[in-house]
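Numbering (this note's numbering), first residue to last: 46 to 182.
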C-alpha cells in the first residue's frame with residue numbers, strides 16, 4: 046500500500062506541472078471571433094462587447110448565410126497590443142443619411158469598414174462600422 050502511495054505521489058509531482066501548463070493554454074483567448082446577426086443593434090452591442098475584451102474589427106460582409114438568412118458578418122481579431130475598442134454601427138438605405146451620420150459621429154471614431162446587406166424589411170442597406178480606441182480613465 047505504501048509503494049502505491051509513493052508511486053502516485055511521484056506521478057503527481059512529475060506530471061502536475063504539465064497538467065497546469067495545459068490548463069493555462071486552454072484559457073488563452075481565441076485569436077478570432079466571428080459575429081453574425083440580422084439586427085444592427087445587436088451587432089453594435091456584440092462589437093462593443095468584443096472590443097472591451099481586446100478584439101478589434103478585421104473585416105465584414107453582408108449577405109445570405111447558410112442558417113441565419115440575410116446577416117451582417119464581422120470578423121474580429123485579438124489586438125496583439127491588448128488595446129480595447131469601442132464601436133458605432135450605422136445602417137441606412139440612403140447615402141445622404143449615411144454621410145450625415147458619419148460626419149456627426151464623435152471625432153475620435155474612425156472609419157473601420159462597410160458592407161451592404163438585405164435588411165429584414167426588404168430593402169438594401171449600407172452598414173458602416175466606426176472604431177475608436179478606449180482610453181483608460
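Even for Gly, the Cβ is constructed at its ideal location relative to N, Cα and C.
All values reported here derive from a predicted model rather than from experimental measurement.
{"Check": "Inter-residue spacing [alpha-carbon to alpha-carbon] between residue 163 and residue 128", "Outcome": "33 angstroms"}
{"Check": "Contained alpha helix (DSSP H) runs [length at least 4] in the region 117-173, N- to C-terminal order", "Outcome": "140-149"}
{"Check": "Same chain, Cβ closer than 8 angstroms to residue 115, neighbours up to 5 away in sequence not counted", "Outcome": "83, 107, 108, 109, 162, 163, 164, 165"}
{"Check": "Member of 105, 152, 76 whose CA lies at the smallest distance from the CA of residue 88", "Outcome": "105"}
{"Check": "Residue 92 to residue 80 span [Cα, whole Å]", "Outcome": "8 angstroms"}
{"Check": "Endpoints, beta strand (DSSP E) assigned at residue 99", "Outcome": "That residue, residue 99, is in no beta strand (DSSP E); it is neither H nor E in DSSP."}
{"Check": "Residue 177 - DSSP class collapsed to helix/strand/coil", "Outcome": "strand"}
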